[in-house]
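Enquirer:
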Ligand SMILES: Cc1ncc(COP(=O)(O)O)c(C=O)c1O
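Numbering (our numbering), first residue to last: 2 to 366.
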């Protein structure tokens, strides 16, 4: 099981803090934005007397409201096409377990969310990477590159949209290209859309379940963690119009009994969050992105891709080894007793030797 590149430097950060250095945690996707009050109040004001299991697929009432949320995003799904999970993390694990046999393959543009490595290891499957390039802002690699890698073991293409760690937002045209190839080869298109709301410059997010004719192929991974700054709730979901997928995922859900009951109550209430909350959050993130990118661009030798969504960027540094650099800025460097923790990017690649001079920065402070 690979270690998390996002968390592995924690002991160095803790040491620096003991030595009186203030560390800004730009390594982790933990938003500092306040959780909506409606969600917290739903817990505070609750008079529940028995904290029971919920249904394995999540409470009926909550799934119904999630379906309404999707309808507002032009995604036509019913409550029985949704399975509530313990974070998007569990949804990823369930989907890999459900659509693959050990030894099967999933094609993923890299760099990708590092824990896909851990989930695929746990599922006994192999990630086959397609390289996306910093010089191209990490746009979708040419579709022929995917085509070359498809074998009898390939079960799915997995994208993260908008991307962690790249911040890249796939265009309608790019999703159309992916839709065509998965239909031709009868594969699943798994889209991790946990950052759906966080898109900038008035761009539009295209979901794989927005009218691309992917009813049998598309699987959405979703989460309340980032959307409502509720990472500790541990609630996500998996969405598919393919009945076989839902029936299989349900078996995994039954084996772990139920998603957390209290957190579902909070997540259901969070759906009442007004659009003004997101409008404000997006302005805040957009300003931070602009500051971060403008300052990075001023540093000689630094290359950075302009993120269009999520709250991360990948920067290429004039260093040989970003792992050592990230450790050094925690152990031996400070400016007025302050320093930063970043995530070395090699762990976001599965091709050995890639990303060794890159870091991921989360603009969350
Ligand atoms: C792309 C992506 N997918 C899934 C997750 C999992 O989040 P959670 O399990 O908190 O829903 C994360 C968390 O950082 C993420 O960045």
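A virtual CB, placed ideally from N, CA and C, is assigned to each residue, including glycine.
(1) Taking buried to mean at least 16 other C-beta atoms within 10 Å of its own C-beta, is residue 27 buried or exposed?
(2) Under the DSSP definition of a beta bridge, which residues are partnered with residue 223?
(3) CB residue 350 to CB residue 111, shorter than 8 Å?
(4) Can residue 230 and residue 48 be called in contact, C-beta distance under 8 Å?
(5) Can you check whether the CB of residue 159 is closer than 8 Å to the CB of residue 182?
(6) Can you tell me whether residue 197 is buried or exposed, with buried defined as 16 or more other CB within 10 angstroms of its CB?
(7) Express the C-alpha separation of residue 341 and residue 293 in angstroms, rounding to a whole number.
(8) Cα separation between residue 206 and residue 199?
(9) Cβ of residue 33 within 7 Å of any heavy atom in ligand 1?
(10) By the DSSP assignment, the alpha helix (DSSP H) with residue 268 in it spans what residues?
(11) Where does residue 25 fall in DSSP's three states?
(12) Taking 7 Å as the cut-off, does the CB of residue 193 come closer than this to any heavy atom belonging to ligand 1?
(13) Would you mind reading off the limits of the beta strand (DSSP E) that contains residue 317?
(14) Is the Cβ-Cβ distance between residue 240 and residue 268 less than 8 Å?
(15) From the DSSP output, which residues share a beta bridge with residue 361?
(16) If you drop the 5 nearest sequence neighbours on each side, which residues of the same chain put their C-beta closer than 6 Å to that of residue 243?
(17) Would you kindly work out how many angstroms separate the C-alpha atoms of residue 50 and residue 265, rounded to a whole number?
(18) For residue 305, list the residues DSSP reports as bridge partners.
(19) Smallest Cα separation from residue 339: which of 6, 16, 25 and 10?
(20) Indicate the three-state DSSP secondary structure (helix, strand or coil) for residue 102 in the structure shown.
(21) Suppose the cutoff is 8 Å on Cβ atoms and the five residues either side in sequence are ignored; what does the same chain contact list for residue 358 look like?
(22) Provide the residue(s) that pair with residue 157 in DSSP beta bridges, ordered along the chain.
(23) Going by the CB atoms, is the gap between residue 306 and residue 113 shorter than 8 Å?
(24) Do residue 309 and residue 163 have their C-beta atoms closer together than 8 Å?
(25) Within the same chain, show all residues whose beta-carbon is closer than 6 Å to that of residue 124, passing over the 5 residues directly before and after it, in chain order.
(26) In three-state terms, what does DSSP make of residue 214?
(27) Where does residue 88 fall in DSSP's three states?
(28) Please look up how many angstroms separate the CB atoms of residue 91 and residue 237, rounded, as I've assumed it's under 8 Å.
Expert: Straight from the coordinates:
(1) Counting from 1 along the chain shown, the entry for residue 27 is found at position 26. That one is buried.
(2) Residue numbering aside, residue 223 sits at position 222 when the chain shown is read from its first letter. Residue pairing by DSSP places residue 223 opposite 238 in a beta bridge.
(3) Looking up residue 350 in the chain shown gives position 349. Looking up residue 111 in the chain shown gives position 110. The answer is yes: Cβ separation under 8 Å.
(4) For the purposes of this step, residue 230 is taken as residue 229 along the chain shown, with counting starting at 1. For the purposes of this step, residue 48 is taken as residue 47 along the chain shown, with counting starting at 1. The answer is no: Cβ separation not under 8 Å.
(5) In the chain shown, the residue the question calls residue 182 occupies position 181. In the chain shown, the residue the question calls residue 159 occupies position 158. Judged by their CB atoms, residue 182 and residue 159 are not nearer to each other than the 8 Å cut-off.
(6) As a first step, residue 197 must be located in the chain shown, where it is residue number 196. In summary, residue 197 is buried, with 16 or more beta-carbon neighbours lying within 10 Å of its beta-carbon over all protein chains present.
(7) Taking the first residue of the chain shown as 1, we reach residue 293 at position 292. Taking the first residue of the chain shown as 1, we reach residue 341 at position 340. Straight-line Cα distance between these residues: approximately 13 Å.
(8) As a first step, residue 206 must be located in the chain shown, where it is residue number 205. As a first step, residue 199 must be located in the chain shown, where it is residue number 198. When the Cα atoms are used, residue 206 and residue 199 turn out to be separated by approximately 9 Å.
(9) Translated into positions along the chain shown, residue 33 becomes position 32. Answer for residue 33: no, Cβ out of range of ligand 1.
(10) Here residue 268 corresponds to residue number 267 of the chain shown, with the count starting at 1. Judged by DSSP secondary structure, residue 268 falls within the alpha helix (DSSP H) whose first and last residues are 262-271.
(11) Counting from one through the chain shown, the residue named residue 25 turns up at place 24. Residue 25: strand per DSSP, three-state reduction.
(12) Looking up residue 193 in the chain shown gives position 192. Because some heavy atom of ligand 1 lies under 7 Å away, the Cβ of residue 193 counts as near it: yes.
(13) The residue labelled residue 317 in the question sits at position 316 within the chain shown. Element bounds for residue 317: 313-317.
(14) Looking up residue 240 in the chain shown gives position 239. Looking up residue 268 in the chain shown gives position 267. Not in contact: residue 240 and residue 268 (Cβ atoms no closer than 8 Å).
(15) Along the chain shown, read from residue 1 onward, the residue named residue 361 stands at position 360. DSSP lists 315 and 344 as partners of residue 361.
(16) Within the chain shown, the letter at position 242 stands for residue 243. These residues qualify, in order along the chain: 217.
(17) Reading the chain shown from its first residue, position 49 is the one you call residue 50. Reading the chain shown from its first residue, position 264 is the one you call residue 265. Cα to Cα, the separation comes out at about 16 Å.
(18) Taking the first residue of the chain shown as 1, we reach residue 305 at position 304. The partner list for residue 305 (beta bridge, DSSP) reads 316.
(19) For the purposes of this step, residue 339 is identified with residue 338 of the chain shown, where counting begins at 1. Per the Cα distances, 25.
(20) For the purposes of this step, residue 102 is identified with residue 101 of the chain shown, where counting begins at 1. Note: residue 102 maps to coil in three-state DSSP.
(21) As a working note, residue 358 is residue 357 in the chain shown. Excluding positions up to five away in sequence, the list reads 317, 318, 319, 320, 321, 322 and 323.
(22) Taking the first residue of the chain shown as position 1, residue 157 is located at position 156. The secondary-structure analysis by DSSP pairs residue 157 across a beta bridge with 107 and 189.
(23) As a position in the chain shown, residue 113 is number 112, starting the count at 1. As a position in the chain shown, residue 306 is number 305, starting the count at 1. Residue 113 is not a Cβ neighbour of residue 306, given a cutoff of 8 Å.
(24) Working through the chain shown from its first residue, we reach residue 309 at position 308. Working through the chain shown from its first residue, we reach residue 163 at position 162. At a Cβ-Cβ threshold of 8 Å, residue 309 and residue 163 count as neighbours.
(25) Counting from one through the chain shown, the residue named residue 124 turns up at place 123. Around residue 124, the same chain offers 97 and 98 as residues with beta carbons nearer than 6 Å, after the five sequence neighbours per side are excluded.
(26) Taking the chain shown and counting its residues from 1, one reaches residue 214 at position 213. Here residue 214 carries a coil assignment [DSSP, helix/strand/coil].
(27) In the chain shown, residue 88 corresponds to position 87, counting from 1. Note: residue 88 maps to helix in three-state DSSP.
(28) Here the question's residue 91 lines up with position 90 in the chain shown. Here the question's residue 237 lines up with position 236 in the chain shown. Between residue 91 and residue 237 the beta-carbon gap is near 7 Å, inside 8 Å, which marks them as a contact.
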